[in-house]
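Some notes on the structure that comes next.
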Amino acid sequence: MSLLPLFDASLLGRAAQPALEFGGVALTFGDLEARSNRLAHTLRARGLKPGDRLAFFLQNRVDVIDLWLAGVKLGLIVVPVNVLYRERELKHILADAEPTAVVTSSDMAGFLPAGVTVWDVDVLAAESAPAPAERAAVAATSDTPLSLIYTSGTTGASKGAVLTHGNFAANGHALVTEWRFTERDRYLATLPLFHVHGLANGIHCWLFSGCHLRLTERFEHAKAAEWFGEYRPTVFFGVPAMFIRLLEMPADVARAIGARLRLAVSGSAPLPAEIHEKFRQLYGSVILERYGMTETLMNVGNPYEGERRPGTVGKPFAHVQVKICDEAGATVPDGTTGELWVKGPNVCSGYWRRPEASAAAWRDGWFQTGDIGERALDGYITLKGRRSDLIISGGFNIYPREMEELILEQAGVREVAVVGAPDSVRGEVPIAYVVVDAAKFDEAAVTAHLRSQFASFKQPRAFVRVDALPRTALGKVQKRLLPPWKG
Ligand code: MCA
Ligand code: AMP
């Protein structure tokens, strides 16, 4: 099934109904239908055909929604790119995805590597204004790819997960149903639209249900009280760092917000049980924590009705099968730790142009998540860690190897290990333990170079100098034996 018929309940069926507000602009679903049709005509006139990749490198704005809808209609493969990415990340993703063009704004175009075709978002919008408002659409099926979303997997270089219309349809349909979305909901969208939490969950729950959306350019905790107070959302999705920031709200304001908020969902990183409890006390609202991945969209969630158990991610969604396996691939008994394997219409079709990586990640039709967890006798799943040394900071992923490779290239660095240290807001922050040749190592120069190459959230919070890295007899670095970072 194409996604379009699911969107049509809103785009066509609720054409006159208010759909969204952003920066003082209010649009109906009919406006969104017309805007995306006009953009689709423009993209087609610029030569885009079904299966072509079109990347966007944009902060949240309505044009991202227009691009997504136009991509759905034209059978394009849309490639969302994190706005915080810098030279290395951008070069890698754009060389791998080979998009026809990258749509960006004039203030961000300078970050894009030379040789990439850049389309200015405002120029595209101006060019689209006189285009026909009638729909330009091609047929799609469940298997038609819709998006390449880059995720680091377990290796240093990130890989594009090929997500199809069917993957997004299954995920969106399940969430709207399980989370009881109706057109009366008001969803405050502050998550970035370049990751699946904001895009596949947020945008699709909104479009499938026909509720109302308030979009913000990004999450800013200093504005949260104003946004919640003015907009009066019934639904909010966030990463744990956002819920931690929301604990700074005055008690009376928080109570009033909580009284209207029927659903607060946390995901993308572990939500500490203590934050779950503090949020309940302050807002009177019980956070629903769920677990997903870019490759699989959502897998497991706490129930809408019933116990939302702190520290757990709940039970598999109805359309997803989950089994917990030992290293040999045999299912372990409940109460025993193993790796989560998942199967279902939500799981992506593979990694873009990487048959070996795809072959390594799937086994007998099951996707091996790399996440370690256990299932209680009553079915609730608790995540316990990961097979790889992924660091999650503020809900953004950092693969240490990617940073280590670049740090090792710097003058005076003999050895390096990047590890996550606990952080009260972001969950974890990266710390680089280095063995250096002090005469040659220039920390300020290394820091400046890293900033030009990688996203801000990947930057080491500190360089800790050590005499040697702890290693096993086989030479593997034992990150757990490094001295704790004292901040
Ligand atoms: C963050 N920063 C940004 C943006 N977001 N800068 C520009 N535009 C943005 N959109 C930078 C800031 O400049 C700053 O950089 C740093 O991030 C922290 O910003 P701050 O305002 O201090 O915010 P905070 O209170 O620490 O909160 C950070 C945050 C951010 C807003 C929660 O981490 C965030 O948006 N996280 C969402 C990540 C997400 O959507 N993950 C979903 C992945 P500096 O460090 O230089 O000061 S999808 C996924 O994982 C799976 C599938 C799943 O299950 O959902
Ligand atoms: P990504 O593939 O970049 O979207 O990141 C997905 C990873 O985020 C998963 O493999 C988990 O390790 C982690 N994750 C997502 N949701 C949760 C959660 N509720 N609790 C703990 N980890 C989570």
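Numbers in the numbering used here are just positions in the sequence shown, counted from 1, shifted up by 1034. Built from N, CA and C at the ideal position, the CB exists for glycine as well.
Check: Chain-order list of residues whose beta-carbon lies under 7 angstroms from that of residue 1479 (same chain, five-residue window excluded); Outcome: none
Check: Residues with C-beta closer than 7 angstroms to any heavy atom of ligand 2, in chain order; Outcome: 1185, 1186, 1229, 1230, 1300, 1301, 1302, 1303, 1304, 1305, 1323, 1324, 1325, 1326, 1327, 1328, 1329, 1347, 1403, 1404, 1405, 1417, 1420, 1424, 1426 and 1431
Check: Cβ-based neighbour list, residue 1497, same chain, cut-off 7 angstroms, excluding 5 preceding and 5 following; Outcome: 1466, 1468 and 1477
Check: Cβ neighbour criterion (16 or more within 10 Å) applied to residue 1338; Outcome: exposed
Check: Residue(s) in a DSSP beta bridge with residue 1359; Outcome: 1365 and 1373
Check: Of the listed residues 1409, 1438, 1459 and 1439, nearest to residue 1426 (C-alpha basis); Outcome: 1459
Check: Collapsed DSSP secondary structure at residue 1246 in the structure displayed; Outcome: strand
Check: Top-ranked residue by Cα proximity to residue 1494, from 1432, 1264, 1410 and 1239; Outcome: 1432
Check: Ligand 1 heavy atom lying under 7 angstroms from the CB of residue 1180; Outcome: no
Check: Start and end residues, beta strand (DSSP E) containing residue 1437; Outcome: Residue 1437 -> not in any beta strand (DSSP E); alpha helix (DSSP H) instead, spanning 1434–1442.
Check: Residue 1280 to residue 1347 span [Cα, whole Å]; Outcome: 21 angstroms
Check: Beta-bridge partners of residue 1272, as assigned by DSSP; Outcome: 1300
Check: Reduced DSSP category for residue 1504 - H, G, I as helix; E, B as strand; rest coil; Outcome: coil
Check: At least 3 beta-carbon pairs within less than 8 angstroms: the region 1267–1284 vs the region 1076–1092; Outcome: no
Check: Residue 1093 beta carbon near ligand 1 (any heavy atom closer than 7 angstroms); Outcome: yes
Check: Beta carbon of residue 1327 nearer than 8 angstroms to that of residue 1403; Outcome: yes
Check: Residue interval of the beta strand (DSSP E) (run including residue 1111); Outcome: 1111–1114
Check: Reference residue 1245, options 1041, 1148, 1463 and 1473, closest by Cα; Outcome: 1041
Check: Distance cut-off 7 angstroms: residue 1226 Cβ against heavy atoms of ligand 1; Outcome: yes
Check: Assumed close pair residue 1446, residue 1470 - CB separation to whole angstroms, cut-off 8 angstroms; Outcome: 5 angstroms
Check: Burial state of residue 1257, where buried means 16 or more other Cβ atoms lie within 10 Å; Outcome: exposed
Check: Burial state of residue 1315, where buried means 16 or more other Cβ atoms lie within 10 Å; Outcome: exposed
Check: C-beta atoms of residue 1401 and residue 1329 nearer than 8 angstroms; Outcome: yes
Check: Short Cβ contact (8 angstroms threshold) for residue 1252 with residue 1093; Outcome: yes
Check: Distance, residue 1151 Cα to residue 1209 Cα; Outcome: 36 angstroms
Check: Residue 1505 to residue 1406 span [Cα, whole Å]; Outcome: 24 angstroms
Check: Coil, strand or helix - residue 1282 by DSSP; Outcome: coil
Check: Span separating the alpha-carbon of residue 1364 from that of residue 1356; Outcome: 13 angstroms
Check: CA-to-CA distance, residue 1068 to residue 1235, given in whole angstroms; Outcome: 23 angstroms
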